[in-house]
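Novice: Residue numbers (the numbering used here), protein chains in the order written: chain V, 1 to 111; chain R, 1 to 113.
1) For residue 99 of chain V, report the span of its beta strand (DSSP E) as first-last.
2) Give me the chain V residues within the contact set of residue 106 of chain R, using Cβ-Cβ distance strictly less than 7 Å, ordered along the chain.
3) Determine which residues of the region 47-59 of chain V have a Cβ less than 7 Å from any Cβ of chain R, and write them out in chain order.
4) From which residue to which residue does the beta strand (DSSP E) around residue 43 of chain R run?
5) Answer yes or no: do residue 78 of chain R and residue 37 of chain R have a C-beta to C-beta separation smaller than 8 Å?
6) If you compare alpha carbons, which of R:25, R:47, R:7 and R:111 is closest to residue 85 of chain R?
7) What did DSSP end up calling residue 67 of chain R once you bin it into helix, strand or coil?
8) Of the residues V:6, V:69, V:73 and V:13, which one's Cα is nearest the Cα of residue 58 of chain V?
9) What does residue 103 of chain V touch in chain R if you count any residue whose Cβ is under 9 Å from its own?
10) Can you give me the C-alpha to C-alpha distance between residue 81 of chain R and residue 108 of chain R, rounded to a whole angstrom?
Set out below in structure tokens:
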């Protein structure tokens, strides 16, 4: 079973920041938080991952709370092409741990 | 750098037949995983291969099998196809080091009629 809880759907106005929350209250000390997204009919796309510190790349920022029980993925300026299902996944540090997907959050970016 | 490549992208098979799907991982990646995605069950892990050996297996019947070649390419096979096997089959690759990232291909859409 997935170790994360996400809202089933969210809307965001185009050009605004999209903040997608994820709850992972049972996360262990050596487990990472990964975010993927899946645009309709395509394979999941890796976005970002982190362990303890906040992370930023060209796609998004990941904010992890100090107690590591929740995190927020931030898309700073959402566009229509960001409409997708976003998956928050907790995964062990071992390189052989598969990804366990939940139902994710369906983000709709509205013009 | 080329991404994960899967072939074929779309295929239609008849119940009882078997199917083979192919995957070329990202250059330098030695781990290949397969996932199945259906509307009812979502994305589920099938199995992982590393150094030509199956390392992890999900909860799927023995009709689902795979293999990995010495160049890290992988194939998965589904025998005696059932209507419920209709799905998007996704291949993913990674370097399999600690904290590594798994990258997915675009998938193979299988329809069983």
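Note that beta-carbon positions come from the ideal geometry of N, C-alpha and C, so glycine has one too.
Computed from a predicted model, the values in this text were never measured in an experiment.
Specialist: In short:
1) That residue, residue 99 of chain V, is in no beta strand (DSSP E); it is neither H nor E in DSSP.
2) Listed along chain V, the residues sitting closer than 7 Å to residue 106 of chain R by beta-carbon distance are 42 and 43.
3) Of all residues in the region 47-59 of chain V, the ones placed with a Cβ closer than 7 Å to any Cβ belonging to chain R are 49, in chain order.
4) In this chain, the beta strand (DSSP E) harbouring residue 43 of chain R covers 42-50.
5) No.
6) Checked all of R:25, R:47, R:7 and R:111; the closest Cα to residue 85 of chain R is R:111.
7) Here residue 67 of chain R sits in strand by DSSP.
8) Of the candidates V:6, V:69, V:73 and V:13, the one whose C-alpha sits nearest the C-alpha of residue 58 of chain V is V:73.
9) Neighbours of residue 103 of chain V in chain R, taken as residues whose beta carbon is under 9 Å from its own, are 42 in chain order.
10) Linking residue 81 of chain R to residue 108 of chain R through their CA atoms gives a straight-line distance of about 15 Å.
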